[in-house]
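Novice: Per the UniProt record's numbering, the very first residue in the sequence shown carries number 1; after that it's consecutive. Beta carbons are placed, not taken as given, at the ideal position from N, Cα and C, and that holds for glycine. Quantities reported herein were computed from a predicted structural model and do not represent experimental measurements. Attaching a single structure in structure tokens format; questions to follow.
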Amino acid sequence: MAELLDIAEVARRGGVSASALRFYERRGLIEADARHGLRRAYRPEVLTRLARIRAAQTAGFTLRQIAEILADRPADAALRRLLREQADKVDAQIERLTEIRDGLRHATTCRHQPLSSCPHFLAAGTDASR
């Protein structure tokens, strides 16, 4: 059996606080393998799980949704639908952020005075239908 990692080591290597680890544990996202006195200890594999949690959070999933994803049911149609819907949301965010980036880049060479009068700069990323 691999050596267990102390909660402080997992927090440091996983890039999260110890309180976040305890919170994730209460939410069922991770689990401690043992305790050393009052301190939790985890298997090294928890670091991979934390990386997956962070990636899912970055993609915009809620902790409840992340718990569903981590349940690892590849034949689950509802889970696949959730992933597809989130991918669509990420695509929309990427499109909007690309428009904003392009507007910012335009602003660096725009000749409008003042810059706030430039219709291209003002319109970037402000589609009212979103």
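With distance defined between alpha-carbon atoms, name the residue in HIS120, ILE69, HIS112 and GLU95 nearest to GLY28.
Specialist: Minimum Cα distance to GLY28 is reached at ILE69.
Novice: Pull up the distance between the alpha-carbon of GLY15 and that of ARG80, whole angstroms please.
Specialist: Distance between the alpha carbons of GLY15 and ARG80: 28 angstroms.
Novice: Under 6 angstroms Cβ to Cβ from ARG49, same chain only, skipping five residues before and after it: list those, please.
Specialist: Correct list, in chain order: ILE30.
Novice: Would ASP76 pass as a contact of HIS36 if the rule is Cβ separation under 9 angstroms?
Specialist: No; because the gap between Cβ atoms is not below 9 angstroms, this pair is not in contact.
Novice: With DSSP as the reference, label residue 145 as helix, strand or coil.
Specialist: The structure shown has nothing for residue 145, since the chain only spans 1 to 130.
Novice: Please state the DSSP three-state secondary structure of CYS5.
Specialist: Sequence inspection shows Leu at residue 5; the Cys mentioned does not correspond to that position. It is a strand residue.
Novice: Have a look at LEU97, ASP33, LEU63 and GLN93 and flag the residue whose alpha-carbon is nearest the alpha-carbon of PHE23.
Specialist: Of the candidates LEU97, ASP33, LEU63 and GLN93, the one whose C-alpha sits nearest the C-alpha of PHE23 is LEU63.
Novice: If you draw a straight line from the alpha carbon of ALA65 to that of ARG84, how long is it in whole angstroms?
Specialist: The identity of residue 65 in the sequence shown is Gln, whereas the question assumes Ala. One C-alpha to the other measures close to 13 angstroms.
Novice: Would ARG39 and GLU25 be called neighbours here (beta carbons separated by less than 9 angstroms)?
Specialist: In this structure, GLU25 does not lie closer than 9 angstroms to ARG39 by Cβ.
Novice: When you compare only the Cα positions, how much space is there between LEU82 and GLN113?
Specialist: Each residue's Cα considered, the two are about 46 angstroms apart.
Novice: Are the Cβ atoms of PRO44 and ALA87 separated by less than 9 angstroms?
Specialist: No, Cβ-Cβ distance for PRO44 and ALA87 is not below 9 angstroms.
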